[in-house]
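Counted the way numbering that gives the first Met the number 0 counts, the first sequence spans residues 0 to 482. For reference, the structure discussed in these notes is given below.
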Amino acid sequence: MTGPRVRFAPSPTGFFHVGSARTSLFNWLFARQSGGTFILRVEDTDAERNREEWHEGILTAMAWLGLDFDEGPFLQSDLLADHAAAAAALLANGYLYACDCTREQIDERIKGNAKPGYDGHCRDRHVARTDRTALRFRVPDVGVTVVPDMVRGDVAFPHDSYEDFIVVKSNGAVLYPLANLVDDRSMRVTHVIRGEDLLPTTPKQVMMWEALNHCVGVDPVAHPFYAHLPMLVNEQRKKLSKRKDPVAIESYRDQGYLASALVNYLALLGWSPHGDEEIVPLTTLVAQFRLEDVSHSPAFFDVKKLTHINGEYIRQLSAADFIAASAPWVAPWLGDWHPTDRDVPWTREQFSDSLYERVAPLVQERVTTLGEIPAMVRFFFVDDVAIDDAAFDKAIGGDPVGQALLADAVAAFETIEWSAATLHDTTTALGEARGLVLRKSQAPIRCAVTGTLVGPPLFESLELLGRDVTLARLRAALDRARS
RNA sequence: GGUCCCAUCGUCUAGUGGCCUAGGACAUCACCCUCUCAAGGUGGAGGCACGGGUUCGAAUCCCGUUGGGACUGCCA
0 MTGPRVRFAP SPTGFFHVGS ARTSLFNWLF ARQSGGTFIL RVEDTDAERN
50 REEWHEGILT AMAWLGLDFD EGPFLQSDLL ADHAAAAAAL LANGYLYACD
100 CTREQIDERI KGNAKPGYDG HCRDRHVART DRTALRFRVP DVGVTVVPDM
150 VRGDVAFPHD SYEDFIVVKS NGAVLYPLAN LVDDRSMRVT HVIRGEDLLP
200 TTPKQVMMWE ALNHCVGVDP VAHPFYAHLP MLVNEQRKKL SKRKDPVAIE
250 SYRDQGYLAS ALVNYLALLG WSPHGDEEIV PLTTLVAQFR LEDVSHSPAF
300 FDVKKLTHIN GEYIRQLSAA DFIAASAPWV APWLGDWHPT DRDVPWTREQ
350 FSDSLYERVA PLVQERVTTL GEIPAMVRFF FVDDVAIDDA AFDKAIGGDP
400 VGQALLADAV AAFETIEWSA ATLHDTTTAL GEARGLVLRK SQAPIRCAVT
450 GTLVGPPLFE SLELLGRDVT LARLRAALDR ARS
């Protein structure tokens, strides 16, 4: 395997969110279009904030999105010895020094300094390494470090804007910048594709990578290329927050977004396929994706557009695929996964596979998410249609003509041939006899049978529902109107 | 405050010096279709942040201004 090697390195500090998904997707696309290797490495070294369920969330979300990895999942916590060895080499070669300053002492000393940050107090004090000293990296006083970035070009950072940052905590824990880079070295990562928020820490990593290459006893490794992806932001143009913004991938899955639609939409955030078509198959994404074409500016995560794309994907499904895809929402007892915190409005006994198969095509082109289906087909499966009060008043209760038409329908529907076409023609005739166009005459019937004024095509629905149920509901509505 | 990044319709973007009277998509508005609601069709409104250069010619290159953002932890 000689292609590029990329990795997605999330930390399990919360549910898997759309920003992570986008980063993961871009890594995956790059690997797949270049015949490279996609590695998953879970950076779980901050024990305080890590939880087993978050780790699992990463795996299930990536599997759902179809982002398969070639190596891993590696756990960073299994690689601690490598980090310690790298830190030791850096220390032995003079790149690191021990510092016993406390935060308070530093703040006191640097108060009023023109240059913010640590003042290098311990640089040449030759403090002994103990469990009360941290290890700092000796940042050169002059010069710049250049980060080669495939989306932004070379970015130069002046050394004098960096303090001697801490690399190893006093308790011996190696911090993210070094740990992350050591793993990238050992995994021979060639392209580091990640969020733009990491750009300012990249010079630290480049400096340490270079330092490591000069340590005796350490094999030099070529620097990776970097690609810093623009942030995903909310309406306030702030970086997406796990706490404040609706970003959990799992919640989109629960709502009934298709993985393929989400992937397609995510790819459009900071990049776009050639031509005018935005809804394109995954193969096109893979074929056309280029890091060099990634946009430089932040992108707003627009649920409205995601929803539109999801609707397109739903309508593209074959009838059978739509039925299968919607099963978790209409018959959650069937599969091994179903959305959480969503109650189906009918019981397992009330639901009917064969009926749903005939109902499904009626709603497939009307929903934008699979989660909308139950409310739309509820009246097919439950006995109590729970007529909406406002709808009832409008079409039946407060409309004498509507009421009369309902009575006409009860009489006529008892004997006519039970087909959508006949129901349609009969209702049209009934309405015309009372001076109503079909859009008016269908309303009371729709209301009585489905409970609302909006829904799937009425006459097809009645045909599927059957004569007995239809008549019972029409009579019930009449009774309610007369009481 | 410091360092860095960014700047095309409300939003996501195309555009890499002449093909731009700035294209597409979402959202929005109007109309058509229609048994409701959708879907679909047609059309409309809507943008190069500002100011200087460079050039025969700039949305595209340079500088400045303004505005936004990220980072600035013994988190990752």
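Ideal placement from N, C-alpha and C gives every residue a C-beta, glycine not left out.
Asked, Found
"From this set, Arg102, Asp183, Ala480, Pro9, which residue's C-alpha is nearest Phe164's C-alpha?", "Arg102"
"Could you spell out where the alpha helix (DSSP H) holding Pro202 opens and where it closes?", "201 to 212"
"Specify, as a first and last residue, the run of the beta strand (DSSP E) that Ala72 falls within.", "Residue 72 is actually Pro in this sequence, not Ala. From DSSP, the beta strand (DSSP E) with Pro72 extends over 70 to 74."
"Tell me the rounded alpha-carbon separation between Leu290 and Leu28.", "10 Å"
"Return helix, strand or coil for Ala8, following the three-state DSSP convention.", "coil"
"Can you name the start and end residues of the alpha helix (DSSP H) that Thr283 belongs to?", "281 to 287"
"Candidates Asp182, Ala30, Ala390, Leu470: which alpha carbon is nearest Ala80's?", "Asp182"
"How many Å lie between Ala260 and Lys237 at the Cα?", "25 Å"
"Pull up the DSSP beta-bridge partners for Cys98, would you.", "Ala133"
"Taking C-alpha atoms, which residue in Gly434, Asp342, Val468, Ser317 lies nearest to Phe378?", "Val468"
"Quick check: the stretch 293 to 305 against the stretch 256 to 271, are at least 3 beta-carbon pairs closer than 8 Å?", "yes"
"If you draw a straight line from the alpha carbon of Leu369 to that of His54, how long is it in whole angstroms?", "27 Å"
"Are there three or more Cβ pairs, one per stretch, closer than 8 Å when the stretch 34 to 45 is compared with the stretch 191 to 205?", "no"
"With 16 other CB atoms within 10 Å as the buried threshold, where does Gly65 fall?", "exposed"
"Span of the alpha helix (DSSP H) holding Thr306?", "302 to 315"
"In or out: Val145 buried (at least 16 other Cβ within 10 Å) or exposed?", "exposed"
"Starting from Asp443 and walking both ways along the alpha helix (DSSP H), at which residues does that stretch end?", "The sequence shown places Pro at residue 443, not Asp. First-last of the alpha helix (DSSP H) with Pro443: 437 to 449."
"What residue does the beta strand (DSSP E) around Gly152 start on, and which one ends it?", "152 to 157"
"Helix, strand or coil: which one does DSSP assign to Asp148?", "strand"
"Rounded to the nearest angstrom, how far is the Cβ of Leu134 from that of Leu95, given a contact under 8 Å?", "5 Å"
"Mapping the DSSP letters down to three states, classify Phe224 as helix, strand or coil.", "strand"
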